[in-house]
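J.: For reference, the structure I am asking about is given below.
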Amino acid sequence: MEDEIPIDSFKSFFLWQLATAILVSCLALLIGKGPIAWSFVVGVALMTFSLMSLGMAVYLGFYKKNIALLIGVIVFKWPILIYVVYKLVESFSLSFLHLAAGYGVWVLPSILWLGFQKTKQE
1481 MEDEIPIDSF
1491 KSFFLWQLAT
1501 AILVSCLALL
1511 IGKGPIAWSF
1521 VVGVALMTFS
1531 LMSLGMAVYL
1541 GFYKKNIALL
1551 IGVIVFKWPI
1561 LIYVVYKLVE
1571 SFSLSFLHLA
1581 AGYGVWVLPS
1591 ILWLGFQKTK
1601 QE
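Residue numbers (our numbering): 1481 to 1602.
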């Protein structure tokens, strides 16, 4: 049982990600212009939603053993997410490039978090 990753480690990861996403979104709104900044913020928000639902699926599958709800989260997340992205882009004429850049915000904190976990184990 020593090989298990404690749940506190996952909580700190998601809090780290959330803090970074909020900070970068606020900076994008302060520095950026109209649709470009909002495209970036929407990308960050959609990635946050995606990772939160993934975390919920892991929690339901491995900790609560509620397979029916886990399947519901996995099956219905993607159609809802795709519909929301389509409607946002259609309604606000957002930029796909900046929307995709919002997803990239999650890469750097993930690498930093993994680095901190590695140094903590040494």
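The C-beta atom is built at its ideal place from N, Cα and C for all residues, glycine as well.
1. Would LEU1561 pass as a contact of VAL1553 if the rule is Cβ separation under 8 angstroms?
2. Which of the three DSSP states, helix, strand or coil, is assigned to GLY1512?
3. Can you give me the C-alpha to C-alpha distance between VAL1569 and LYS1491, rounded to a whole angstrom?
4. Using a threshold of 8 angstroms, state whether the C-beta atoms of LEU1550 and THR1528 are closer than that.
5. For THR1508 and SER1571, I'd like the C-alpha separation in whole angstroms.
6. So, are the CB atoms of VAL1565 and ALA1501 less than 8 angstroms apart?
7. At the level of alpha carbons, what is the spacing between GLY1595 and LEU1579?
8. Determine whether the beta carbon atoms of TYR1563 and GLY1523 lie at a separation below 8 angstroms.
9. For VAL1524, which three-state DSSP category applies?
T.: A quick look at the data gives this:
1. As a working mapping, residue 1561 is identified with position 81 in the sequence shown. As a working mapping, residue 1553 is identified with position 73 in the sequence shown. Taking 8 angstroms as the Cβ cut-off, LEU1561 and VAL1553 do not qualify as a contacting pair.
2. Numbered from 1 along the sequence shown, position 32 holds the residue referred to as residue 1512. Residue state, collapsed to three classes: coil.
3. As a first step, residue 1569 is located in the sequence shown; it is residue number 89 there, counting from the start. As a first step, residue 1491 is located in the sequence shown; it is residue number 11 there, counting from the start. One C-alpha to the other measures close to 31 angstroms.
4. Sequence index remark: in the sequence shown, residue 1550 carries index 70 (1-based). Sequence index remark: in the sequence shown, residue 1528 carries index 48 (1-based). No.
5. Counting from 1 along the sequence shown, the entry for residue 1508 is found at position 28. Counting from 1 along the sequence shown, the entry for residue 1571 is found at position 91. Thr is not the amino acid found at residue 1508; the sequence shown has Ala there. Their backbone Cα atoms lie some 20 angstroms apart in a straight line.
6. Residue numbering aside, residue 1565 sits at position 85 when the sequence shown is read from its first letter. Residue numbering aside, residue 1501 sits at position 21 when the sequence shown is read from its first letter. Their beta carbons are not under 8 angstroms apart, which means VAL1565 does not touch ALA1501 by this criterion.
7. Position 115 of the sequence shown, counted from the start, is the residue given in the question as residue 1595. Position 99 of the sequence shown, counted from the start, is the residue given in the question as residue 1579. Each residue's alpha carbon lies about 27 angstroms from the other.
8. Indexing the sequence shown from 1 puts residue 1563 at position 83. Indexing the sequence shown from 1 puts residue 1523 at position 43. Not in contact: TYR1563 and GLY1523 (Cβ atoms no closer than 8 angstroms).
9. For the purposes of this step, residue 1524 is identified with residue 44 of the sequence shown, where counting begins at 1. Note: VAL1524 maps to helix in three-state DSSP.
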